[in-house]
Amino acid sequence: MDIIVRFPKFSFHDLPKVWARNRAFVYDRNATSFIPTPMEPWLIRILQSAVERLGPGDAALKEDVKAFIGQESQHFRQHRLFNKAIADQGYPGLMEFEKRLADDLVEFEKNRSLKFLLAYADGFESMGAVSAQLWFDELKPFVSQADSRIADLWGWHLAEEFEHRSVMFDFYKALFCRGPVNAVINGYFYRLYGLWFAMKHLGGYTGQMIGYMAKQDRPGMSPGDKAQVKADIAAYIPIYRKAMARKLARNLLPWYNPRRKKAPRGLREYLARFEEGGEMARGKAAERAGKQPLTA
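Residue numbers (our numbering): 1 to 296.
Here it is, written out as C-alpha cells:
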C-alpha cells in the first residue's frame, strides 16, 4: 500500500457525551484519543532529527518517512479538536494527563538514547496497526452503534496507521539492526523491550484517564445507569482484551515484520472516502489554504 497524506473534514459540534451505545467503548476511545496528541508530534520530532542518519541506500525509506510525517501531522490535529470537545463535557482533568504524557516524552528525548526512542516509538506504532485490525475486523458491533463522526475519525486514523505500519519498524531496523548480532539483540530483544515499555507506559495513562472519566460521571448516574455501565464493561472489555492479545502475539515472533500483516477487508476502499473527491475530504483548495508545516 502506498502511504497517502489525506486531509479529512470533521466537526465535533454538539457531540453527545455518550456517543456510542456501549459506555466502556466510549471511555476507551476518549482516553486513547489523548495519547496521539502529544505522542505524534513527538514522533515527528524524533524522525526529523534522525532522518539524515539514513544511508544513500535508504531513499525509499526517506520518502516513506515524509509521508508518515504528513499523516501523523493530520492525526494529532484532528484529535486535538475531538479532545477539546470531550474535555468540555465535564472532563477538564484529561488535559492534565495529556500534559503529563507530553512531559514524559520530553524527558525521554533529553535523557534516553536514540535506540530507546525508536524502539519505544516502534512499540507504539505496532500497537496502532493491531488496533486497526481490531477496529475493522473485531469491534464492528461497537463501531456500528457509535456516532458516525467518531467512527470516521478513528476509522480514518487507524486505517492510516495500518497503511504506514512498517515505517517506524524499517527506520529502527535501518539504524540499529544491521548485521547478524544487532539483528538479534536490537532487532528482536530490544524491540520487544520497546513494545513492553510502550504498552506499560501508554496503557497506564489510558487506564488512569478511563478511571477519571468514570469517577467524574458516577455522582450523576442513577442505579440503572451504574448497572448499565457494568454490563457495558462486561460486554466490551473481554472481547477487546482477547482480540488484542491474539493479534499482538504475532508481534512477539522473531520473524515479525509488519508488512506481512493482513489488511482489514475493504481498507483501501474505506480510505478513498478521505481522498480528493471523496465525501470526507476537505478538497484541494481547502487543503492548500489550511495546510500547515509538517512539524510539531
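C-beta: ideal position from N, C-alpha, C; glycine also.
I'd like to confirm the pairing. Which residues does DSSP put opposite Ala20 in its beta bridges?
Ala146
Applying the criterion that 16 or more other CB atoms from any shown protein chain within 10 Å of the CB defines a buried residue, is Gly220 buried or exposed?
exposed
Between the CA atoms of Pro180 and Pro16 - distance to the nearest angstrom:
54 Å
Between the stretch 205-213 and the stretch 24-43, do three or more beta carbon pairs fall short of 8 Å?
yes
Quick check on the burial criterion: 16 or more other C-beta atoms within 10 angstroms. Buried or exposed for Gln71?
Buried.
Going by C-alpha distance, which of Leu175, Asp64 and Asp152 is nearest Val167?
Asp64
Under the DSSP definition of a beta bridge, which residues are partnered with Pro8?
Ala281
For the 8 Å Cβ check, are there 3 or more pairs between the stretch 193-208 and the stretch 114-133?
yes
Length of the line joining the Cα atoms of Asp225 and Leu153
27 Å
Cβ-based burial, Ala234 [other Cβ within 10 Å; buried from 16]:
Counting the other CB atoms within 10 Å of its CB gives Ala234 a total below 16, which places it among the exposed residues.
Starting from Lys62 and walking both ways along the alpha helix (DSSP H), at which residues does that stretch end?
Ala59 to Ala87
Tell me, please, whether the stretch 20-29 touches the stretch 39-59 by the rule of three or more beta-carbon pairs shorter than 8 Å.
Under the 8 Å Cβ criterion, the stretch 20-29 does not count as touching the stretch 39-59, having fewer than three qualifying pairs.
Is it buried or exposed for Asn186, if we count other Cβ within 10 angstroms and need 16 for buried?
buried
Residues in its own chain within less than 8 Å of Gln89 by CB, not counting five upstream and five downstream?
Within the same chain, Gln89 has close Cβ partners Leu15 and Lys17.
If we require 4 or more residues per run, which alpha helix (DSSP H) segments fall completely within the stretch 110-154?
114-133 and 140-143
Measuring CB to CB, does Leu105 end up less than 9 Å from Ala243?
no
Are there 16 or more other CB atoms within 10 angstroms of the CB of Val6, so buried, or fewer, so exposed?
What sits at residue 6 in the sequence shown is Arg, not Val. By the Cβ neighbour-count rule, Arg6 is buried, with 16 or more other Cβ atoms within 10 Å of its own.
For Val184 and Arg250, what's the separation of their Cα atoms in angstroms?
17 Å
Give the straight-line distance between the Cα atoms of Met127 and Leu248, rounded to the nearest whole angstrom.
7 Å
Pick out whichever of Leu253, Ile69, Tyr193 and Ala263 has its Cα sitting closest to the Cα of Met44.
According to the sequence shown, residue 44 is Ile rather than Met. It is Ile69.
For Lys115 and Cys177, I'd like the C-alpha separation in whole angstroms.
10 Å
Which value, in whole angstroms, describes the spacing of the CA atoms of Arg77 and Lys99?
16 Å
Indicate whether Phe142 and Tyr236 have their beta-carbon atoms separated by less than 9 Å.
Against a cut-off of 9 Å, the Cβ pair of Tyr236 and Phe142 comes out as a contact.
Only counting runs of 3 or more residues, tell me where the beta strand (DSSP E) segments fall wholly within the stretch 169-205, in order along the chain.
none
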